[in-house]
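Here it is, written out as structure tokens:
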């Protein structure tokens, strides 16, 4: 995933000649706590947060140019960088948004912490059955039935609750990846389970071939 | 992970009798765009965002009680709920923070989208070698050498670049889970790779037993 796939293209931006009052109304209307200050070429010249605005209103400042943070202090990400760089920057600097720029240094979007949470939420919400369908396509020479049988066996072994292949298949129709990690007790246990599934599948094949 | 493990305990809160000006200064100082309005018992009576503050400053309002959002509109999470509920609420309602309450309805923390991004970033940053070490402990009858050999073979097959077990082991010392997902081309391909590792490990065992 690239940075440009995890940004808000309909971002709110302002000009340094806008008034503090007008920008405060715009930010309330669009529910944005931050906004890039751009020139006529869409290039970054400053950054505004609600903190610059409240301070400006209290002190009776007129123009955005009087209250904005200077461009040197702004962390930005190139559109073709890995999306995970957004996660790292937001996490390290406790940002709630970060401008995404193209090769001409024009701002083409803003990635917000909410966009990152959305991406994470989507990952949590992937149905386990979808992951299995993708895995079936990826792995050569494994049938759906073999996957379900092996997974049911591993599930029985891990949880101590006996479950058939049919029951397992029914369970994963609605369970999400987030719930699966939760249920198996952590990422590494979930992964270890997948390796064990592979072991069982091949052990059964070898068993059948011998008979 | 429970909700109370993914929150900011040092949260900023205000009283409905505080002035709008004082709260604006406090929010700037602590860099908070939102704050719960609490009574003397730490119970939630309202909610403030920077938008309530900028509007209040423009309109010359004096007290927080005149500008706060009413308590009925506030989404909150119980401390013992699953942390993923925070992710879901933040994602669904595009929130940047959410109050965490105990059984007596007292606010004990605020979970911010930045806290969620931090948790996600920590997941991305887990070293692959740590996942393998945990997997080695989880899976009965697999040695470290077998895991490395099988993983090197799968990596060679997937990427088309030949790699030895020793080189693979060296690579995963520094690679993170985030980078591994990126390198293999997605979550389901990463998972399929793990299943294939299991297949190879057992196939080799069977091969050796036959000889």
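Protein chains in written order, with my numbering: chain U, 25 to 235; chain Z, 25 to 235. No residue lacks a Cβ here, since even glycine has one placed at the ideal position from N, Cα and C. Since this is a predicted model, take the numbers as computed values, not measurements.
Taking residue 225 of chain U as the centre and dropping the five residues before and after it, the same chain places the C-beta of 166, 170, 174 closer than 6 angstroms to its C-beta, in chain order. Residues of the region 60 to 94 of chain Z with a Cβ closer than 7 angstroms to any Cβ of chain U, in chain order: 74, 75, 77, 78, 79, 81, 82. Put simply, the CB of residue 137 of chain Z is near chain U, with a gap under 8 angstroms to one of its CB atoms. Closer than 8 angstroms to the CB of residue 142 of chain U there is at least one CB belonging to chain Z. For residue 159 of chain Z, the neighbours in chain U by C-beta distance under 8 angstroms run, in chain order, 212, 215, 216, 219. Below the 9 angstroms Cβ cutoff, chain U contributes 219, 222, 223, 226 as neighbours of residue 225 of chain Z, in chain order. Here residue 200 of chain Z carries a strand assignment [DSSP, helix/strand/coil].
Shortest Cα-Cα distance from residue 192 of chain Z to any of Z:114, Z:156, Z:202, Z:213 involves Z:156. Distance check between residue 106 of chain Z and each of Z:200, Z:31, Z:196 places Z:31 closest, using alpha-carbon atoms only. Annotated three-state conformation of residue 127 of chain U is coil, per DSSP.
By a beta-carbon distance limit of 8 angstroms, residue 81 of chain U contacts residue 82 of chain Z. Their separation comes to about 6 angstroms.
When DSSP states are grouped into helix, strand and coil, residue 137 of chain Z belongs to the helix group. In this structure, the alpha-carbon of residue 185 of chain U lies about 16 angstroms from that of residue 214 of chain U. In this model, residue 53 of chain U and residue 176 of chain Z are separated by some 54 angstroms (Cα to Cα). Considered as a whole, the region 31 to 90 of chain U harbours 58 to 62, 68 to 73 as its complete beta strand (DSSP E) runs of no fewer than 3 residues, in chain order. Between the region 51 to 67 of chain Z and the region 83 to 103 of chain U there are fewer than three inter-stretch CB-CB distances shorter than 8 angstroms, so the stretches are not counted as touching. By the neighbour-count criterion, in which 16 or more other beta carbons inside 10 Å mark a residue as buried, residue 84 of chain U falls on the exposed side. The Cβ atoms of residue 158 of chain U and residue 172 of chain U do not sit closer than 8 angstroms to each other.
Apart from the 5 residues on each side of it in sequence, residue 196 of chain U sits with its Cβ closer than 6 angstroms to the Cβ of 152, 153 in its chain, given in chain order. In the DSSP secondary-structure assignment, residue 122 of chain U is bridged to U:135. Ranked by Cα distance from residue 37 of chain Z, the options Z:194, Z:133, Z:120, Z:142 are led by Z:133. Across the structure, residue 199 of chain U and residue 109 of chain Z are spaced so that their CA atoms are roughly 15 angstroms apart. Assignment of residue 177 of chain Z by DSSP, reduced to helix, strand and coil, places it in the helix class. Taking a beta-carbon distance threshold of 8 angstroms, residue 115 of chain Z counts as an interface residue toward chain U. Residue state for residue 27 of chain U is assigned as helix, using DSSP reduced to three classes. Taking 8 angstroms as the threshold, the shortest C-beta distance from residue 124 of chain Z to chain U does not fall below it. Bridge pairing for residue 189 of chain Z: absent [DSSP]. With distances taken between CA atoms, residue 136 of chain Z lies nearest to Z:121 out of Z:75, Z:77, Z:28, Z:121. Flagged as an interface residue toward chain U: residue 120 of chain Z, by a C-beta distance shorter than 8 angstroms. Of the residues assessed, residue 71 of chain Z falls on the buried side of the cut-off, its CB having 16 or more other CB atoms within 10 angstroms. Chain Z has no Cβ within less than 8 angstroms of the Cβ of residue 33 of chain U. The closest CA to that of residue 29 of chain Z, considering only Z:219, Z:51, Z:124, is found on Z:124. Residue-level contact check: residue 132 of chain Z does not touch chain U, since none of the beta carbons of chain U fall below 8 angstroms from its beta carbon. Non-local C-beta neighbours of residue 113 of chain Z in its own chain, meaning closer than 7 angstroms and more than five positions away in sequence, comprise 99, 101, 119, 122, ordered along the chain. Within the same chain, 57, 58 come within 7 angstroms of residue 73 of chain Z by CB-CB distance, once the 5 residues on both sides are set aside. As DSSP reads the structure, residue 101 of chain Z sits in a beta bridge with Z:124.
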